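Shown next, in structure tokens, is the structure this report addresses.
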Amino acid sequence: MPACPYRRYKNAVKQTPNLEGKTRNVKSRYPALQLVIKVIKILAILITLAGIIASTTIMAGDGLIHIDSATAFSVFAGMLGILASLLQGILIYATAELLQCFIDIERNTRKTTHLLNTR
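Reading the sequence shown from the start, the letters are residues 158 to 276 in the numbering used here.
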């Protein structure tokens with residue numbers, strides 16, 4: 158019975174050859190970049206939380222800038238700061254996801270090349 162194409166793909170997913178023809182684990186291709194992705198994601202969350210806390214402090218009127226007569230301005234500035242913090246956090250987190258996407262594209266390209274060469 159001929160081998161199922163899905164099984165060949167599944168085996169290629171588990172192991173891919175390096176330049177010498179020996180198989181190696183796919184997940185160990187870019188360990189430093191994986192670490193950078195994790196650090197960027199953590200920083201995105203921390204920056205977002207710090208921005209939200211700072212903006213909430215501005216809204217409460219206890220921030221570094223004291224504007225006694227402009228309570229409405231403090232609320233507006235705080236709301237704008239929260240929105241900006243959320244947007245900034247999402248963009249930084251998306252940068253990490255984009256790096257992960259590039260790694261996944263490279264991994265899938267390697268698997269496809271291996272599958273096409275084993276035919």
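By construction, the Cβ of each residue, glycine as well, lies at the ideal position given by its N, Cα and C atoms.
Being a predicted model, the structure only gives us computed values, none of them experimental.
- Annotated as distal: Ala211 and Gly246, with beta-carbon spacing of 8 Å or more.
- Contact between Ile197 and Ile262 is ruled out by a C-beta separation of about 18 Å, above the 8 Å threshold.
- Within 10 angstroms of the beta-carbon of Thr205 lie 16 or more other beta-carbons, which makes it buried.
- Of all alpha-carbon atoms in Thr214, Leu240, Gly208 and Ile260, the one lying nearest the alpha-carbon of Thr228 is that of Thr214.
- From the listed residues Ala207, Gly235 and Leu203, the smallest Cα separation to Ala217 is found for Gly235.
- CA-to-CA, the gap between Thr266 and Thr275 works out to about 14 Å.
- Taking every protein chain shown into account, the CB of Ile199 has fewer than 16 other CB atoms within 10 angstroms, so this residue is exposed.
- In the structure shown, Arg276 falls within a coil segment according to DSSP collapsed to helix, strand and coil.
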